[in-house]
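Participant: The structure under discussion is supplied below as structure tokens; questions concerning it will follow.
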Amino acid sequence: MTDEAQAPGPVQDPAVRARVAELHAQGMGRNAIASELGLGTSTITRIAKALGLDFSRAQTAVAVQARAIDLAAGRQRLAEKMLGRAEKMLDDLDGPYLVYAFGGKENIYSEHELERPPVEVQRTAVTTAGVAFDKLTKYLEKDTSGVETAHSLLDTLAAGFAAAAATYETPTETAE
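What follows is the structure, encoded as structure tokens:
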């Protein structure tokens, strides 16, 4: 046996315990903390229990809601990009179109400018824009969460005002 003091295990290590508490305060779940620190989930559970920390479903619900908002923002950005690309493709159909080729024995480059794109290029652009339009339309029809939330908020406010109005008495004027 050596006289050297052994380093405490992760459950007793103050630095690990402090880091677990910090990550918990940031809203991270047990599995995410375990992954971040390279420890087992049971170790994180023991540390959390010793520190009086709880991995409640309320935190999970908040994290899920935050992730849903992030995903909705990503879908919105993607929809805007799709719309921009589709518009550009259709706009490009209105101008001249450069055709080119490499060929011949000497593999020579040649080009020619047409007044407008060939029919197959126009068809492809219109089809692609149509698909983008359909996808955007479905996305917009499906994504009504903001409208529903606004309606719910307005309904709640209206009910609150109605309740307040029902209890409010209009002061009567007194003759002096």
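Residue numbers 0 to 175, in numbering that gives the first Met the number 0, belong to the letters of the sequence shown in order. Think of the CB as a built atom: it goes at the ideal place given N, C-alpha and C, for glycine as much as any other residue.
In whole angstroms, what is the alpha-carbon distance linking Gln75 and Gln11?
Facilitator: 46 angstroms
Participant: Can you tell me the Cα-Cα spacing of Gly94 and Tyr108, whole angstroms?
Facilitator: 23 angstroms
Participant: Tell me where the alpha helix (DSSP H) around Glu105 begins and ends.
Facilitator: Careful: Glu105 lies outside any alpha helix (DSSP H) and carries neither H nor E.
Participant: Quick check: the segment 63 to 74 against the segment 112 to 126, are there 3 or more CB pairs under 8 angstroms?
Facilitator: Segments in contact, no.
Participant: By how many angstroms is the C-alpha of His23 removed from the C-alpha of Pro13?
Facilitator: 15 angstroms
Participant: Buried or exposed: which applies to Arg84, given that a residue is buried once 16 or more other Cβ atoms fall within 10 Å of its Cβ?
Facilitator: exposed
Participant: Please look up how many angstroms separate the CB atoms of Leu92 and Gln121, rounded, as I've assumed it's under 8 angstroms.
Facilitator: Rounded, the Cβ-Cβ distance is 6 angstroms, consistent with contact.
Participant: Kindly indicate the opening and closing residues of the alpha helix (DSSP H) around Glu114.
Facilitator: No alpha helix (DSSP H) contains Glu114, which DSSP labels as neither H nor E.
Participant: Out of Pro116, Ala100, Lys104 and Glu119, state which residue places its alpha-carbon closest to the alpha-carbon of Glu110.
Facilitator: Ala100
Participant: Need the endpoints of the alpha helix (DSSP H) that Leu50 sits in, please.
Facilitator: Thr40 to Leu50
Participant: What residue range does the alpha helix (DSSP H) around Leu36 cover?
Facilitator: Arg29 to Leu36
Participant: Express the C-alpha separation of Leu89 and Glu21 in angstroms, rounding to a whole number.
Facilitator: 52 angstroms
Participant: Residues in the same chain with beta-carbon distance under 8 angstroms from Leu135, minus the five sequence neighbours each way, listed in chain order, please.
Facilitator: Ala78, Met81 and Leu82
Participant: Assuming Phe54 contacts Arg29 under a Cβ cut-off of 8 angstroms, what Cβ separation, rounded to an integer in Å, is found between them?
Facilitator: 5 angstroms
Participant: Taking the CB atoms as reference points, tell me whether Gly26 and Ala49 lie closer together than 8 angstroms.
Facilitator: no
Participant: Would DSSP call Val98 helix, strand or coil?
Facilitator: strand
Participant: Hey, how far is the Cα of Thr42 from the Cα of Ile32?
Facilitator: Each residue's Cα considered, the two are about 10 angstroms apart.
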